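Remarks on the structure that follows.
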Amino acid sequence: MTGVQTCALPISRPTRGVLDSYFRRHPDVYQMERNGDARFDAIAEAVRTQAGDCRSVIDVACYEGYGLHHLARNLRLETVTGLDLSEVALERARTRCAGLDATFMSFDLSSLYENPSIGLPVAAPADVIVLCEVDRKSTRLNSSHIPLSRMPSSA
């Protein structure tokens, strides 16, 4: 076949430095403080409906901890874990969730898309993993939750 060319371009994704710089200049850029309650109420209800009595949640791409704080309060969670690439966002999440049994860790969600076998960098399992409003390759994952009992085994 003549005249056929292929081209593979890397997908651009923000780095920790880019996100930290942007979030440092623009606190609550997603306006969660002002507009998040209805979304988080819906997420809490979905978790309650799908997972039942839930004691712990992992929030992947937790941003500044709005969702974790809301879920912990509404679901009376015992422990919460937040993962995010941005250290600036994680520091704000730590402040917002002060007083909760909360753990926060740096994690690049893109690495999970590239290699699902790596899993999440958490020491203890959770009842529910939450992934909300994350863009990846034009796919919008919005207000999703995955009960651990329905997750595929990585063994």
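The sequence shown begins at 2 in the working numbering and counts up one residue at a time. Note that CB positions come from ideal geometry on N, CA and C, so glycine has one too. If you're wondering where the values come from, they're calculated on a predicted model, not measured in any experiment.
By a C-beta neighbour count over all protein chains shown, 10 Å radius and 16 as the cutoff for buried, is residue i buried or exposed?
| i | result |
| --- | --- |
| V81 | buried |
| S57 | buried |
| V61 | buried |
| H71 | buried |
If you reduce the DSSP assignment to three classes, tell me which class residue i lands in.
| i | result |
| --- | --- |
| V129 | strand |
| T80 | strand |
| S57 | strand |
| D85 | strand |
| E34 | helix |
| L113 | helix |
| Y64 | coil |
Terminal residues of the continuous alpha helix (DSSP H) containing residue i?
| i | result |
| --- | --- |
| V19 | R17 to R26 |
Identify the continuous beta strand (DSSP E) that holds residue i and give its terminal residues.
| i | result |
| --- | --- |
| F105 | A103 to S107 |
Would you check if the distance between the CB atom of residue i and the CB atom of residue j is smaller than 7 angstroms?
| i | j | result |
| --- | --- | --- |
| I44 | A127 | no |
| L69 | C98 | yes |
| A39 | V129 | no |
Cβ contact check for the region 60-72 and the region 82-91: 3 or more pairs under 8 angstroms: The region 60-72, when compared against the region 82-91, does touch it at the 8 angstroms Cβ threshold.
Quick check: the region 71-80 against the region 97-106, are there 3 or more CB pairs under 8 angstroms? Contact between the region 71-80 and the region 97-106 is present, because at least three Cβ pairs lie under 8 angstroms.
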